[in-house]
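Q: Offset between the sequence shown (1-based) and the numbering used here: plus 1.
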Amino acid sequence: MEDCIGDMMLKKAKPIEINPENIFANDMLDRERIIINLTEIIKNAEEGFVLCVNAPWGNGKTTFINLWKAYLEKENFKTIYFNAWENDYSKEPLLSILNVLSTELKEKEEGAFNKVKQAGFKLLKAGLPIAVRAATMGIINFNELKDAMSDETDAAIAELTAKAVENKMNELAADKGIHEQFRAALTEYTKEAVDGNGQNKLIFFIDELDRCRPIYAVELLEAVKHFFSVENIVFVLSVDKKQLGDSIKTMYGMDMDTEGYLKRFFDISFSLPLPSRKRYIDYLYKVYEFKKFFENRQGYEGRQYEESHIVDTIKFLSDLWDLSLREVDHIFLTLSTAFIMTDKNKKLFPQFFAFLIILKQKEPDYYYRLSNDLSCINEVTALLENAAKNKKMDSHIVRLLDVFINVGCRNEEDCNVWLEELKQNEDYIQGDYWARGRVDIASGLMSHFDDGAIDSYRYIFNKIEFLENVDWSER
2 MEDCIGDMML KKAKPIEINP ENIFANDMLD RERIIINLTE IIKNAEEGFV
52 LCVNAPWGNG KTTFINLWKA YLEKENFKTI YFNAWENDYS KEPLLSILNV
102 LSTELKEKEE GAFNKVKQAG FKLLKAGLPI AVRAATMGII NFNELKDAMS
152 DETDAAIAEL TAKAVENKMN ELAADKGIHE QFRAALTEYT KEAVDGNGQN
202 KLIFFIDELD RCRPIYAVEL LEAVKHFFSV ENIVFVLSVD KKQLGDSIKT
252 MYGMDMDTEG YLKRFFDISF SLPLPSRKRY IDYLYKVYEF KKFFENRQGY
302 EGRQYEESHI VDTIKFLSDL WDLSLREVDH IFLTLSTAFI MTDKNKKLFP
352 QFFAFLIILK QKEPDYYYRL SNDLSCINEV TALLENAAKN KKMDSHIVRL
402 LDVFINVGCR NEEDCNVWLE ELKQNEDYIQ GDYWARGRVD IASGLMSHFD
452 DGAIDSYRYI FNKIEFLENV DWSER
C-alpha cells in the first residue's frame, strides 16, 4: 500500500458542524431563509399545531431539522429532538414521548411532571392507547369497511375511522375525564418548561418517522393528535410523505388514499425545496479531500484536467439522473475508497470512474452489460445523449464520456477501426469542431495503449466490482 495515495483517509461525511454563534456558516443547502420564515409562523401562532416538513428520502431533512433546532434555541425557544426510528422498538409511543419530555426538561419542577406521569399512567391503565391500536388495527378493518361502503371515498372512510377511534377513546375515558386530566397536566408542565425563555412555545421535533414500523408510525401520529395536542407545543415532523404513505398502505390496503388520511394529523405541510446539488458536491469534494488525491498523482499528459473534469462530470450526471444528496454522498464515498486503494502511478481516468459508479447505481442493467458486452456501447452512449437532450443539458460531457466508453470498452484493434470510422465521418471531413475534438480526445486516450495504461479501464471495472461487496450501513 505504500505506493497508494498517502495523505487521504477513509471517511464518511459527518453531519455539518453548527456553530451556535454562526448557525448558517456551513449551510451548504441554502436553508436559512426557509428556517427564518417558518420560525415567524411559529412566533405568530396563537396556539400549538403540528407541522409536517416533507422531502424525499436522502435530501437533507435531518440536516434541516438540526439547523432549525439550533436557530430556534438562539431565538430562546425550548426545543426537543426525538428520533422516532431509534425508538420504534417500544410498544407504546405514548411512553416514548413522555420519556423524552422527562429527559429533555428534567431541570424543571418535578412536581409538574409527576402530574403528567400520573395522568399518563391512567391513560395506559384505562387502555386509551390500546384503544387507538385496536381501532386502527383490529376493531376496524379498512378493506372490510370500504367494501361495505362502496360509495364512499377513501378520504371519507379514513375520516370515519378517525371518528371511531375518538368514540372508542371517549367511551373509555368519559367517566373520569382521563384524557382531559392528561392534557391539563401536560399544559401546566410545558408552560413551566418554557417560562423565562422569552418564548411561550415548546418545539418538539420528531424525525425519521417514515423509517419506522407501520404500526409504530400510526400509533405515534395518533398519540400526537389525541394526547399531546396542547396550546403551547408545536410538533414538527420531518417525513417523506410518500414513503410514510406506502408504509401505512401495508396496514390499510394498497388502494387507500394516504394523502387524505395523513392530512388529519398535520395542521400545516411544508415541502422542503430540493437543495443545490452543485453546492453539495463542492462541499463533499472538500470533505473527502479529493484535492490530496490529485496533488499526489504522478505527472502525465492530461493530469491537470482530471480534477476539474471529475467535479464537472459528477455535477452533470447528478442533474441528469436527479440524484438525491444521499446518492451523491455514496458516489463520493465509493470514489474515495477506490482512490485510497489505487497506486498513485496508476492512470485512473477518474471522470470515467465516476460515470461508471453512477451508471451502476441508476442503470445497473446497462452497467453490467457494458462491463461484459461490447455490442451495447452504442446503447449506453445513446442513453446519455437522449437523457441530455430531454433535459436540454449541455452535451459536452456526454461527448467526452462517449469517447471514454468507446475507448475503455474496446481492445486496441477495435479502437483503431472505430477511430478510422470517425475520421471518415462527413462532419470530421468538413472540419466540424466537435467531430475533430472527438477524434483528438480518442487519439490521446488511445496513446496509452503503448504504455499499458489503457488497462486502467479494466482496472476500474474490477475496482467497482470489488466495492459492490462493501456495504456502507446507514445510521
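Quick reminder that beta carbons are idealized off the backbone N, C-alpha and C, glycines included.
Counting C-beta neighbours from all protein chains within 10 Å, is the total for P21 16 or more, i.e. buried, or is it exposed?
A: When all chains shown are included, P21 counts as exposed.
Q: Could you tell me the boundaries of the alpha helix (DSSP H) in which C410 lies?
A: First-last for C410: undefined, no H or E at that position.
Q: Excluding the five sequence neighbours on either side, which residues of its own chain have a C-beta within less than 6 Å of the C-beta of S337, listed in chain order?
A: Excluding sequence neighbours, S337 sits near Y289.
Q: With distances taken Cα to Cα, identify the nearest neighbour of G284 among I358, I37, F333.
A: Note that residue 284 corresponds to Tyr in the displayed sequence, not to Gly. Looking at the Cα atoms, F333 is the closest of the given residues.
Q: Starting from D366 and walking both ways along the beta strand (DSSP E), at which residues does that stretch end?
A: D366 -> not in any beta strand (DSSP E); alpha helix (DSSP H) instead, spanning 365–373.
Q: If you draw a straight line from the alpha carbon of L106 to that of Y90, how long is it in whole angstroms?
A: Approximately 23 Å between the Cα atoms of the pair.
Q: What is the DSSP secondary structure of L238, reduced to helix, strand or coil?
A: L238 falls in the strand class under three-state DSSP.
Q: Just verifying my parser: in three-state terms, what is the DSSP assignment at L385?
A: L385 falls in the helix class under three-state DSSP.
Q: Have a look at N233 and I43 and give me their C-alpha separation to the nearest angstrom.
A: Their backbone Cα atoms lie some 10 Å apart in a straight line.
Q: Does the distance from the CB of P215 to the CB of M252 come in under 7 Å?
A: It is a contact, given that the beta carbons lie within the stated cut-off.
Q: From what residue to what residue does the alpha helix (DSSP H) around F294 run?
A: Residues 291–296.
Q: List the endpoints of the continuous beta strand (DSSP E) containing D208.
A: Here the beta strand (DSSP E) through D208 covers 203–208.
Q: Mapping DSSP to helix, strand and coil, what is D31?
A: If DSSP states are grouped into helix, strand and coil, D31 belongs with coil.
Q: So, are the CB atoms of E307 and F295 less than 7 Å apart?
A: Yes. Within cutoff.
Q: Alpha carbon to alpha carbon, how far is E41 from T188?
A: So the alpha carbons of these two residues sit roughly 22 Å apart.
Q: Taking the C-alpha atoms as reference points, what is the distance between Y217 and L245?
A: Distance between the alpha carbons of Y217 and L245: 11 Å.
Q: Here's the rule: buried if 16 or more other CB atoms are within 10 angstroms of the residue's CB, otherwise exposed. What is Q425?
A: So Q425 ends up on the exposed side.
Q: To the nearest angstrom, report how far apart N316 and N100 are at their CA atoms.
A: The identity of residue 316 in the sequence shown is Lys, whereas the question assumes Asn. Between K316 and N100, the C-alpha separation is close to 44 Å.
Q: Measuring straight from C-alpha to C-alpha, what distance separates A240 and A185?
A: According to the sequence shown, residue 240 is Val rather than Ala. Going by the C-alpha atoms only, they are around 29 Å apart.
Q: Do the CB positions of L73 and I204 come within less than 7 Å of each other?
A: In contact: L73 and I204 (Cβ atoms closer than 7 Å).
Q: Please check the pair V237 and L52, which I expect to be a contact at CB under 8 Å, by giving their CB distance rounded to whole angstroms.
A: Contact holds; Cβ gap of about 5 Å.
Q: Suppose contacts are defined by Cβ-Cβ distances below 7 Å. Is R278 in contact with S319 by that definition?
A: Cβ distance < 7 Å, so R278 and S319 count as in contact.
Q: On the CB-based measure, 16 or more other CB atoms within 10 Å of its CB, does S97 come out buried or exposed?
A: The residue is buried, with at least 16 neighbouring Cβ atoms inside 10 Å.
Q: For L52, which of helix, strand or coil comes out of DSSP?
A: DSSP places L52 in strand when its eight states are reduced to three.
Q: State the start and end residues of the unbroken alpha helix (DSSP H) segment that holds S230.
A: No alpha helix (DSSP H) contains S230, which DSSP labels as neither H nor E.
Q: If you follow the alpha helix (DSSP H) that T104 is part of, which residue opens it and which one closes it?
A: Start and end: 94–105.
Q: Does the Cβ of K348 have 16 or more other Cβ atoms within 10 Å, making it buried, or fewer, making it exposed?
A: Burial call: buried.
Q: Please work out which residues of its chain come closer than 6 Å, Cβ to Cβ, to C416, disregarding the five sequence neighbours upstream and downstream, and give them in chain order.
A: V408, M447, listed in sequence order.
Q: Mark V225 as exposed unless 16 or more other C-beta atoms lie within 10 angstroms of its C-beta, in which case mark it buried.
A: Buried is the call here.
Q: Do you know how far the Cα of N201 is from the Cα of F229?
A: Their backbone Cα atoms lie some 16 Å apart in a straight line.
Q: Any idea which residues DSSP pairs T493 with across the strands?
A: Any question about residue 493 goes unanswered here, given that the chain covers just 2 to 476.
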